[in-house]
Amino acid sequence: MDVARGFLLAKTADAPAPAVRLRNFTRRFGANTIIDCLDLEIAPGEFIALLGRSGSGKTTLLRTLAGMDEVRGQDVSVPSARAVVFQDARLLPWKTVWRNVALGLKGGTIRERAERALHEVGLGHRLDAWPLTLSGGEAQRVALARALVREPQLLLLDEPFAALDALTRIRMHDLVLSLWRAHRPAVLLVTHDVDEAIALADRVLVLDGGRIVAEERITAERGDRTGLARSLRDTLLGHLGVERGPVAEEGVVHLARVRA
Amino acid sequence: MTAYALSAPRRHALSFRFPARLLGRWLSPLVLLLLWELGSRTGLIPERTLAAPSAVLGALFAMIASGELPSNLLVSFGRAAIGLSIGIGVGVVLALVAGLSRSGEITVDPLMQIKRTIPVVALSPLFIVWFGIGETTKIALIAFATVFPVYLNLYSGIRAVDPRLIDAARSFGLSRIELIQHVILPAALPSLLVGLRFSLSVAIIVLVIAEQINASAGLGYLINNARDFMRTDIIVVCLMVYALLGLGADWIVRAVETRALAWRPSIVEQN
């Protein structure tokens, strides 16, 4: 709570430069335009969810922000400290958990830093485990630790919870939120789960055909969003091309709750 | 009782069955050995055709006691070891060149594919013309034969590295050298070990062939001498030693695998 207030004060006091800024960003593969004149700004410490159907350009945008694609003279500014968590944890199976977290770190206290990050995600007891012995949720937590240990100003999450079971996913949501509150990186969460976007983000963007077609800012406190979830959900699903009558909608919400 | 039988812990049943199964696997070789001995004792198998197991055992002990076997084994072992070291070394270097760079691939791979089509044994006349009938020819044949399995497996192992892992490692700012060191080489290691296993067995086959070329020491020399004197017992002893060399080579690679691939689930589960 204190952290959050401090952050808000800082933001209003001297309106810091955005952590991420894209102007007129276009990305083409051959004749296909994947991203089309996109403008995007992410404030430091802001949590953004990016929704989109498959093929909407989500992954391309994420790769650009991660510096994994060339930008070739376009107006793109991203912080130098970035880290990505992928849908599949992408741990190196031949390195123990802590060595995976420490991958590419420079300096003297690598082991200590890796251990601290792993304790933070609740895996202090699996430091020397082999990645292939981890469960999906544990592997994803290692991937989170590996991202956090780099103290990123921009944390990119590429559908990191899509392959997890519903219970683990809820736990991961809480973990990501608490880590975000503690470290305050700007977060871009790519997902196609509307409920996940509503539960986690300050701002939800919908990407379609390489353009941002909708943007919703959520001001309600996290954990107090069930009230607005229904209408926002309808709006966002509408932008994603899913039209549902109110009865069907009721059924879906009900089912989702039962499953959770 | 039925319920008990159904839900009885599996391990329990296994621990009873295991010794019986082990004995079962040894049973048929033992019976064969007994029949062989019996056949020799009754004169059904003449000694000049095949010596009795007991005679082979006797010859083995005599050859060890006289130092004849250890000294010749050492010579053969040395040939195989030197040939293998050269072959594996060259194979690894060529695979790294071809696997890690596009221009290296274009240069090296066609040559290696051409080399593959030439049966190594057919090269021995040329090697004899070049290197004479001494040690060099034998070692060169072994080296030449063992390059390819290592090369092919390591090269394809490097090329088969999961691009998603490389992508992820890049996103964490690894340099090219670090990428090779932390991602590509460890990922290709299992393939390298497969190649190593092939190379070791190829080395022993070529060793046998190479030692037929006018050897004055080594297992092949012992066999050739024994043939001239129709000492089938010594021939069988040498065959046994070749087999043991093969087993030993396999055991070494497996020991390396257990250590180097400790992260693999099959090995992890055993611990």
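In order, the protein sequences belong to chains A and B. Residue 3 is where the first sequence starts when you use our numbering, and the numbers rise one by one after that. Residue 3 is where the second sequence starts when you use our numbering, and the numbers rise one by one after that. C-beta atoms are modelled at their ideal positions from N, C-alpha and C, and glycine is treated no differently.
Identity of the residue in the options nearest residue i by Cα
| i | options | result |
| --- | --- | --- |
| R118/A | G59/A, L181/A, P162/A | L181/A |
| R118/B | N216/B, F150/B, A124/B | F150/B |
| G248/B | P192/B, V210/B, L224/B | V210/B |
| P81/A | L105/A, R65/A, P46/A, L94/A | P46/A |
| P133/A | A184/A, T28/A, R29/A, V144/A | V144/A |
| Q89/A | T111/A, Q76/A, L64/A | L64/A |
| V196/B | G220/B, R161/B, D252/B | D252/B |
| V87/A | P121/B, A257/B, A170/B, L224/B | A170/B |
| P48/B | G250/B, M232/B, E137/B, V255/B | M232/B |
| N216/B | S177/B, P127/B, R161/B, G41/B | P127/B |
| L113/B | L154/B, K140/B, A145/B | L154/B |
| L150/A | A104/A, V78/A, R92/A | A104/A |
| V110/B | A124/B, P121/B, G93/B | G93/B |
| S201/B | V122/B, L29/B, S73/B | V122/B |
| A205/B | L25/B, S78/B, R43/B | S78/B |
| R25/A | L40/A, I50/A, R92/A, A19/A | L40/A |
| I237/B | P55/B, R178/B, I90/B | P55/B |
| D130/A | E217/A, Q142/A, P95/A | P95/A |
| Q155/A | F49/A, L107/A, D210/A | F49/A |
| F27/A | G225/A, T62/A, T135/A, L202/A | T62/A |
| L177/A | G124/A, A168/A, S233/A | G124/A |
Proximal residues of chain A, C-beta to C-beta of residue i below 8 angstroms
| i | result |
| --- | --- |
| L167/B | R92, L94 |
Proximal residues of chain B, C-beta to C-beta of residue i below 8 angstroms
| i | result |
| --- | --- |
| L105/A | A171, F174, L176, H184 |
| L134/A | W265, R266, P267, V270 |
Cβ neighbour criterion (16 or more within 10 Å) applied to residue i
| i | result |
| --- | --- |
| A21/A | buried |
| H184/B | buried |
| M65/B | buried |
| C240/B | buried |
| H241/A | buried |
| D235/B | buried |
| H256/A | Residue confidence is low: H256/A scores 39 on pLDDT, short of 50, so the model does not pin down where it sits. Its coordinate-derived value is still stated next. Exposed. |
| S58/A | buried |
| R115/A | buried |
| E72/A | exposed |
| D4/A | Confidence in D4/A is poor, its pLDDT being 41 and thus under 50, which makes the residue's placement too unreliable to answer from. |
| E223/A | exposed |
| R138/B | Position check: residue 138/B holds Thr in this sequence, whereas Arg was assumed. Looking at its Cβ environment, which holds fewer than 16 other Cβ atoms inside 10 Å, T138/B is exposed. |
| R261/B | exposed |
| N74/B | buried |
| G222/B | buried |
| D160/A | buried |
| F174/B | buried |
| F265/A | Residue coverage of chain A in this structure runs from 3 to 262, which leaves residue 265/A outside it and unanswerable. |
| G243/A | exposed |
| L96/B | buried |
| R84/A | buried |
| I108/B | exposed |
| R256/B | exposed |
Residue i (DSSP reduced to helix, strand or coil)
| i | result |
| --- | --- |
| D204/A | coil |
| V86/A | strand |
| N26/A | strand |
| V210/B | helix |
| I47/B | coil |
| N155/B | helix |
| I120/B | coil |
| N74/B | helix |
| A136/A | In the sequence as presented, Ala is not what sits at residue 136/A; that position holds Leu. L136/A falls in the coil class under three-state DSSP. |
| L280/A | As shown, chain A starts at 3 and ends at 262. That puts residue 280/A outside it, with no answer to give. |
| H127/A | helix |
| P127/B | helix |
| V244/A | coil |
| P162/A | coil |
Partner residues on chain A for residue i, Cβ-Cβ distance less than 7 angstroms
| i | result |
| --- | --- |
| E180/B | G106 |
Chain-ordered neighbours of residue i on chain B, where CB pairs are closer than 9 angstroms
| i | result |
| --- | --- |
| M174/A | Those within 9 angstroms of M174/A in chain B number zero; the least Cβ separation is about 19 angstroms. |
| F163/A | Within chain B, no residue comes near F163/A; the closest Cβ sits about 17 angstroms away, beyond 9 angstroms. |
Partners in chain A for residue i, counting only beta-carbon separations shorter than 9 angstroms
| i | result |
| --- | --- |
| P188/B | L94, P95, W96, K97 |
Bridge partner(s) assigned by DSSP for residue i
| i | result |
| --- | --- |
| G54/A | L209/A |
| T98/A | For T98/A, which the question treats as bridged, DSSP gives no partner whatsoever. |
| V189/A | F49/A, L157/A |
| S79/A | R23/A |
| E218/A | V206/A |
| F31/A | N34/A |
Proximal residues of chain B, C-beta to C-beta of residue i below 7 angstroms
| i | result |
| --- | --- |
| F88/A | A170 |
| A116/A | None at all; the shortest Cβ gap to chain B is about 13 angstroms. |
| A68/A | S173 |
Residue i CB to nearest heavy atom of the ligand FAD below 7 angstroms
| i | result |
| --- | --- |
| D230/B | This structure does not include the ligand FAD; it has no bound ligands of any sort. |
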